[in-house]
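Numbers 7 to 229, taken from the numbering used here, label the letters of the sequence shown in order.
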Amino acid sequence: MNLRIATFAFATLSMLASAHAELTYDLLLRTNRGDGMDSAIATTAGEQINAEVVLRETVTGTDSTLIGSANLNAFNLSLQSIGSDGLFESLTLNGEGGFDAGSGSSTLTFAAFGPAFGQPGRTSIDRGNGIFEASLGTVTLRAPTLGETQFVLSDGSAVDGDFTTFQTVGFGLESAAANSGGGFFGRALTLSSQVTAIPEPSSALALSLACTLGLLRSRRRRR
């Protein structure tokens, strides 16, 4: 009986360890006021904010990094703005290590043929604790005059393989993440602009002003 219990416990622990081993990818906008991980930033009307487009890989458990062991040889993403009158402009590809494969005003498309062609691919940075990041481009965000505008990054298409490395040619980071128990996520950054109301004078301030005016009038009468 004890052997059965021990065997069951070992199997359960093995399953839990496997369940926690995963690859997760986040497409996010990075600003000097924080990363856009489905978060919001308070802004002034029409404020301009520069952002970096980043692919973040988080490795947990027994899985190994993909973008850290082999450079990106392709990626395809899109950016859209939702709500109010905020907008983005100057979406620019970081084409180092490859070439622009057809980027547009709201898309970034990159490809690399390999070191033999002088195109080693897009490199990543090891941030520690299983986190690797690749810089994909830059963009300028403009806050709305009033209300909220959400800037959303997403995988370029529903087809697996928009994001690949030289070791994952034939399938993409999207399926690699899903097969590991993780996922591939496009994140949003919200810029929020609100009208700042002019505060009304406090009762103490109003009383002080009234007393001052009364004193001035009294002095004028004496003269």
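Using N, Cα and C, we set each Cβ at its ideal position, and we do this for glycine too. Source: prediction; values computed, not measured.
Task: CB contact flag (Leu97, Ser87, <8 angstroms) - done: Reading the sequence shown from its first residue, position 91 is the one you call residue 97. Reading the sequence shown from its first residue, position 81 is the one you call residue 87. No, these two residues do not count as a Cβ contact at 8 angstroms.
Open item on the list: By alpha-carbon positions, which one of Glu53, Val60, Leu35 ends up nearest to Phe81?
Closed with: Along the sequence shown, one-based indexing puts residue 81 at 75. Ranking Glu53, Val60, Leu35 by Cα distance to Phe81 puts Val60 first.
Open item on the list: Judging by CA-CA distance, which residue of Thr151, Pro150, Phe190 is the nearest neighbour of Val165?
Closed with: Working through the sequence shown from its first residue, we reach residue 165 at position 159. Here the closest residue by C-alpha is Phe190.
Task: Opening and closing residue of the beta strand (DSSP E) in which Leu78 lies - done: For the purposes of this step, residue 78 is identified with residue 72 of the sequence shown, where counting begins at 1. Leu78 -> beta strand (DSSP E) spans 78–88.
Task: Bounding residues of the alpha helix (DSSP H) (the contiguous stretch that carries Leu152) - done: Residue numbering aside, residue 152 sits at position 146 when the sequence shown is read from its first letter. Taken as a continuous stretch (DSSP letters only), Leu152 belongs to no alpha helix (DSSP H), as it is neither H nor E.
- [ ] Can you give me the Cβ contacts of Leu179 inside the same chain, cut-off strictly under 7 angstroms, excluding the 5 residues immediately before and after it?
- [x] Residue 179 sits at position 173 when you count from the first residue of the sequence shown. Tyr31, Leu72, Phe169, Thr170, Phe190.
Task: Ala57 and Val145 closer than 8 angstroms at C-beta - done: The residue given as residue 57 occupies position 51 in the sequence shown. The residue given as residue 145 occupies position 139 in the sequence shown. Contact: yes.
- [ ] State the CB to CB distance for the pair Ser90 and Leu152, rounded to an integer number of angstroms; the pair is presumed to be in contact (CB under 8 angstroms).
- [x] The count along the sequence shown starts at 1 and reaches residue 90 at position 84. The count along the sequence shown starts at 1 and reaches residue 152 at position 146. About 7 angstroms; that satisfies the 8 angstroms criterion.
TODO: Starting from the C-beta of Ile40, find all residues in its chain whose C-beta is less than 8 angstroms away, skip the five residues before and the five after it, and write them out in chain order.
DONE: For this step, residue 40 is matched to residue 34 along the sequence shown. Sequence check: residue 40 is Gly here, not Ile. Result list for Gly40: Ile47, in chain order.
- [ ] Report yes if the C-beta distance between Ser109 and Leu93 is below 8 angstroms; otherwise report no.
- [x] Taking the sequence shown and counting its residues from 1, the one referred to as residue 109 is at position 103. Taking the sequence shown and counting its residues from 1, the one referred to as residue 93 is at position 87. For Ser109 and Leu93, no; Cβs fall outside 8 angstroms.
Task: Proximity to Gln54 [Cα-Cα], best of Ser160, Thr155, Ala184, Leu159 - done: Within the sequence shown, numbered from 1, the residue matching residue 54 stands at position 48. It is Thr155 whose Cα lies nearest to the Cα of Gln54.
- [ ] Could you pull out every residue in the same chain whose Cβ sits closer than 7 angstroms to the Cβ of Ala182, ignoring the five residues on either side in sequence?
- [x] Within the sequence shown, the letter at position 176 stands for residue 182. For Ala182, same chain residues with a beta-carbon under 7 angstroms away, outside a window of 5 residues either side, are Leu29, Leu72, Thr174 in chain order.
Open item on the list: Between which two residues does the alpha helix (DSSP H) holding Asn185 run?
Closed with: Locating residue 185 in the sequence shown gives position 179, counting from the first residue. First-last of the alpha helix (DSSP H) with Asn185: 179–186.
TODO: Have a look at Ala51 and Phe157 and give me their C-alpha separation to the nearest angstrom.
DONE: For this step, residue 51 is matched to residue 45 along the sequence shown. For this step, residue 157 is matched to residue 151 along the sequence shown. So the alpha carbons of these two residues sit roughly 16 angstroms apart.
Open item on the list: Considering Cα atoms alone, identify which of Gly120, Ser199, Val201, Leu195 is closest to Asn38.
Closed with: Along the sequence shown, one-based indexing puts residue 38 at 32. Scanning Gly120, Ser199, Val201, Leu195 for the CA closest to the CA of Asn38 turns up Leu195.
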